[in-house]
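Student:
Residue numbers (mature numbering (1 follows the signal peptide of the UniProt record, and there is no 0)): -18 to -1, 1 to 356.
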């Protein structure tokens, strides 16, 4: 790490060097280094309170803006319109690069339009929200055992003054986060993710944001003051075909001794949910688990796939780490925005639920031959 910093100083000069070794990186490396427990630093109450105010503002305030997602060589720009109504959150997201696409959300349901194909698909709104939704930070006080939440000064994003808040992991099993939160309105204007070495791997930020009274209507759409009547002529543009998917059974919770589970828990993580789901293409049933520390989250998929198959080359296009292993006829896949060490351990710790008690007593990772990593 020090060698890389010294090389940066030689290549880019003193001014840029001083900026690259910023407060966040110094705090990050100090926190995850091997320091005595007595020297462990506590979170700052003001920073925790600012995080709580941000999650409330992103949920309660109306806003329209353009935000950019950058990870590696992937750059996506999206227009978002968010309005809170008495019927629940209402949103419209329009992609501004790549294939044109528009997603209209009303509560837990959404409608996705492809103008180039003149197709519309209806379904449930994905549980994984926009990076800049703020919902993942909804309970900051529960994050402090695994993250040190600190204030890192002030900045400016989208021509708005903001306070910078850092979430610095207390070990190498999770990523770090740096947020820019609006000074006056507490809206989340920027979020950056840092890997276990304290280096940035992703940036999400608004380039423009406004606060309208109502969301502008889409082509033929409904007024922002009213709930979006999904599936009505008000939201389906003329000439568009509604793509009807075959019926998919809703998720069904698993019994404690049914299916698979993660045992023992990774330090700081727990299994939030375990359900049976149905593959919308093959209609085969598979198990889906959510493993989280309250902020960082991984999905675990367990499916009966007798023949070993290669990973889809586009599977990791959004930058999430993936680890796969085969256990007999069962394929276990773990996908998440966590360091690879954490993803790998979660996959190795995934065992049949009936073996969990013995697994916890042994506390040893399951031997996992034939693993495939991306």
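For every residue, glycine included, the Cβ atom is placed at its ideal position computed from N, Cα and C. Small disclaimer: the values here were computed from a predicted structure and weren't measured.
Does residue 264 pass the burial test, meaning 16 or more other C-beta atoms within 10 Å, or should it be called exposed?
Tutor: exposed
Student: Can you give me the start and stop residues for the alpha helix (DSSP H) that residue 336 sits inside?
Tutor: Neither: residue 336 is in no alpha helix (DSSP H) and is coded neither H nor E.
Student: What does the alpha-carbon distance come out to for the pair residue 187 and residue 48?
Tutor: 8 Å
Student: Is the distance from the Cβ of residue 46 to the Cβ of residue 194 below 8 Å?
Tutor: yes
Student: Closer than 8 Å is the cut-off here; do at least three beta carbon pairs connect the stretch 249 to 264 with the stretch 232 to 239?
Tutor: yes
Student: Give every residue of the same chain whose Cβ lies closer than 6 Å to the Cβ of residue 185, excluding the five residues on either side of it in the sequence, and list them in chain order.
Tutor: Around residue 185: 52, 174.
Student: Between the C-alpha atoms of residue 276 and residue 119, what's the straight-line distance to the nearest angstrom?
Tutor: Rounded to whole angstroms, residue 276 to residue 119 spans 8 Å at the Cα level.
Student: Out of curiosity, what's the CA-to-CA distance linking residue 123 and residue 320?
Tutor: Cα to Cα, the separation comes out at about 21 Å.
Student: For residue 98, I'd like the list of residues in its chain whose CB is within less than 8 Å of its CB, leaving aside the five on either flank, ordered along the chain.
Tutor: 81, 82
Student: Bridge partners for residue 144 per DSSP, in chain order?
Tutor: 137, 164
Student: Between the Cα of residue 143 and the Cα atoms of 129, 159, 157, 168, which residue gives the shortest distance?
Tutor: 168
Student: Please report the distance separating the alpha-carbon of residue 38 from that of residue 154.
Tutor: Using only the alpha carbons, I get a separation of about 29 Å.
Student: Would you mind sorting residue 151 into buried or exposed? The rule is 16 or more other CB atoms within 10 Å of its CB.
Tutor: Its Cβ being crowded by 16 or more others within 10 Å, residue 151 is buried.
Student: On a CA-only basis, which of 244, 36, 41 is nearest residue 63? Give me that one, please.
Tutor: 41
Student: Determine the burial state of residue 57: buried for a count of at least 16 other Cβ atoms within 10 Å of its Cβ, exposed for fewer.
Tutor: Counting Cβ neighbours within 10 Å, residue 57 comes out exposed, since fewer than 16 surround it.
Student: Let me make sure I understand the geometry here. Which of 279, 278, 284 has the alpha-carbon closest to that of residue 270?
Tutor: 284
Student: Return yes when the Cβ of residue 278 is within less than 8 Å of the Cβ of residue 272, no when it is not.
Tutor: no
Student: Which one or two residues does DSSP pair with residue 94 in a beta bridge?
Tutor: 85, 103
Student: Within the continuous beta strand (DSSP E) that includes residue 67, where are the two ends?
Tutor: 56 to 67
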